[in-house]
Structure formats: structure tokens, C-alpha cells
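Below is one structure, written out as C-alpha cells; comments come after it.
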Amino acid sequence: DAGVIQSPRHEVTEMGQEVTLRCKPISGHNSLFWYRQTMMRGLELLIYFNNNVPIDDSGMPEDRFSAKMPNASFSTLKIQPSEPRDSAVYFCASSSLGPADTQYFGPGTRLTVL
Amino acid sequence: SQQGEEDPQALSIQEGENATMNCSYKTSINNLQWYRQNSGRGLVHLILIRSNEREKHSGRLRVTLDTSKKSSSLLITASRAADTASYFCATEAGGGSYIPTFGRGTSLIVHP
Numbered sequence: 182d183a184g185v186i187q188s189p190r191h192e193v194t195e196m197g198q199e200v201t202l203r204c205k206p207i208s209g210h211n212s213l214f215w216y217r218q219t220m221m222r223g224l225e226l227l228i229y230f231n232n233n234v235p236i237d238d239s240g241m242p243e244d245r246f247s248a249k250m251p252n253a254s255f256s257t258l259k260i261q262p263s264e265p266r267d268s269a270v271y272f273c274a275s276s277s278l279g280p281a282d283t284q285y286f287g288p289g290t291r292l293t294v295l
Numbered sequence: 016s017q018q019g020e021e022d023p024q025a026l027s028i029q030e031g032e033n034a035t036m037n038c039s040y041k042t043s044i045n046n047l048q049w050y051r052q053n054s055g056r057g058l059v060h061l062i063l064i065r066s067n068e069r070e071k072h073s074g075r076l077r078v079t080l081d082t083s084k085k086s087s088s089l090l091i092t093a094s095r096a097a098d099t100a101s102y103f104c105a106t107e108a109g110g111g112s113y114i115p116t117f118g119r120g121t122s123l124i125v126h127p
């Protein structure tokens with residue numbers, strides 16, 4: 182299995198631009214998580230999907246952030262418009278039995294907003 | 016607020032020594048997990064320990080759980096330079112929620 186796949190691995194953009202991060206979970210996993218990691222705030226859960234349905238998005242910072250999971254094998258996290266404070270590493274993770282189960286993390290997308 | 020908090024924040028040891036990291040949490044849990052993160056990489060799952068378990072082993076890793084003290088420890092025996100990484104505990108948010116929360120991690124440096 183290829184594991185969780187994220188793209189792009191690095192993204193540099195200018196303030197105000199739209200950013201789209203992509204994730205392909207492990208086949209057969211029914212739960213998907215988006216996290217953001219910064220030095221200041223550590224690892225924060227942004228949103229959690231179960232069977233393609235958003236279950237908890239209380240961690241989404243504000244309306245500029247949105248996430249979708251149109252099918253079991255693909256999810257996107259979009260930031261529009263982006264701001265410098267959004268600079269972070271964004272991780273996608275998936276699990277087979279829900280949030281209390283082992284999560285498998287992707288390699289992350291390092292986002293820099295200038 | 017975060018459920019799990021690791022202690023110490025940083026740990027520096029020599030190869031061959033044992034490394035002990037602790038995790039404290041606030042509300043009752045069903046399980047607790049430990050993850051490792053190498054620099055520039057995603058987190059990798061190490062061990063899951065359930066609330067009815069007190070100790071679990073995996074290779075050179077030993078995890079204990081004390082639900083009465085709401086704490087867990089991760090012991091790495093005979094450490095190697097390759098163990099250099101950040102280590103995180105993950106617990107459920109509590110209050111019936113299974114949403115996982117991670118602490119800030121312990122940064123371990125093992126000097127060869």
C-alpha cells in the first residue's frame with residue numbers, strides 16, 4: 182500500500198491567493214483527518230470526516246478554510262484567501278476504524294504564504 | 016485545551032541510555048496512543064494502549080498507563096541515534112468525544 186498521499190509537498194504562494202491541498206487516504210479507510218502543525222500551536226485537528234461526511238470541523242480556523250471529501254479516495258483542504266499566518270505544515274491522516282483507532286499520516290504539505 | 020501534554024519538552028541523551036517520556040491527560044479515556052515524528056515527516060504510530068491495560072511492549076518500547084493518575088509513560092531502552100525524533104501522545108478529547116488530540120510532543124535527541 183502506498184500509504185496516505187498528499188500533494189503538493191511544498192507550496193509557496195502570495196497573500197490573498199487561493200491554496201488547495203490534496204489528500205488520498207489509504208484504500209479502505211473510512212476516516213480522514215486534516216491537521217495543521219506549527220511551532221507555536223503544535224498539532225491541531227482541523228476537520229474529521231467519517232464515510233466522506235464531515236463529523237467535526239470545530240478546529241477549522243475561520244471561513245477562509247474549507248474542506249471537502251467528494252468520495253472515499255480524495256479530499257481537499259482549501260484556503261481562500263490565504264494569509265501569512267496560515268503558513269504551516271498541513272497533514273492528512275486516515276484510519277480504518279474511526280478516530281480512536283491508529284491513524285496513518287501522510288508526509289504533509291509545507292505551506293508558505295508570503 | 017489540549018487533552019494530552021508530554022513532559023519533558025526536550026530530552027538529550029547518549030546512545031545506549033534509556034529515554035523516558037511522560038504524558039498527562041485530563042479526562043477519562045478509552046485508549047492512549049504514542050506517535051513518533053522524524054524531522055520533516057508525518058507522524059508514525061508506535062503503540063496503542065487501552066484503558067484496561069497497564070503496560071505494553073513493542074521491541075525496545077515500553078508504555079505504561081496509570082488511569083488513576085491520568086498519565087502514561089513511554090520508555091525507549093538502549094536508545095540509538097535513529098531514535099532522534101519528536102514523540103507525541105494522543106488521547107481522545109474527552110466528554111464522550113472520540114476526536115483525537117495531540118500534545119506538543121517531546122523532542123528527543125540521541126547523541127551517537
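Listed in order, the protein sequences are those of chains A and B.
Note that the first sequence covers residues 182 to 295 in the working numbering.
Note that the second sequence covers residues 16 to 127 in the working numbering.
All C-beta atoms in this analysis are idealised placements derived from N, C-alpha and C, irrespective of residue type, glycine included.
- Taking C-alpha positions only, B:Gln24 is separated from A:Ala269 by approximately 20 Å.
- At a Cβ-Cβ threshold of 7 Å, B:Ile124 and B:Thr99 count as neighbours.
- Less than 7 Å separates the beta-carbon of A:Ser263 from that of A:Thr194.
- Segment contact: the region 247-259 of chain A against the region 193-208 of chain A, three or more CB-CB distances shorter than 8 Å; contact assigned.
- At a cut-off of 7 Å between beta carbons, A:Thr201 makes no contact with chain B.
- Under a criterion of Cβ atoms nearer than 7 Å, the residues of chain A adjacent to B:Arg119 are, in order, Gly223.
- For A:Arg266, the three-state secondary structure derived from DSSP is helix.
- Using a Cβ-Cβ cut-off of 7 Å, B:Ile114 is close to Leu226, Tyr229, Asp237 and Pro280 of chain A, given in chain order.
- In the three-state reduction of the DSSP assignment, A:Asp282 falls in the coil class.
- Listed by position along chain A, the residues whose Cβ is nearer than 9 Å to that of B:Asn45 are Ala281.
- Nearest to B:Trp49 by alpha-carbon distance, out of B:Gly31, B:Leu26 and B:Ser86, is B:Ser86.
- In terms of CA proximity to A:Leu295, A:Gln198 leads the group A:Pro189, A:Gln198, A:Leu258 and A:Arg190.
- The beta carbon of A:Pro206 does not come within 7 Å of any beta carbon belonging to chain B, so the residue lies off that interface.
- A:Leu213 is classed as buried because its beta carbon has at least 16 other beta carbons within 10 Å across all chains shown.
- Restricting attention to B:Ile28, B:Thr42, B:Pro127 and B:Asn33, the CA atom closest to the CA of B:Thr82 is found in B:Thr42.
- Bounds of the beta strand (DSSP E) holding B:Leu90 are Ser86 to Ile91.
- The alpha carbon of B:Arg119 has as its nearest neighbour, out of B:Thr92, B:Ser101 and B:Glu32, the alpha carbon of B:Ser101.
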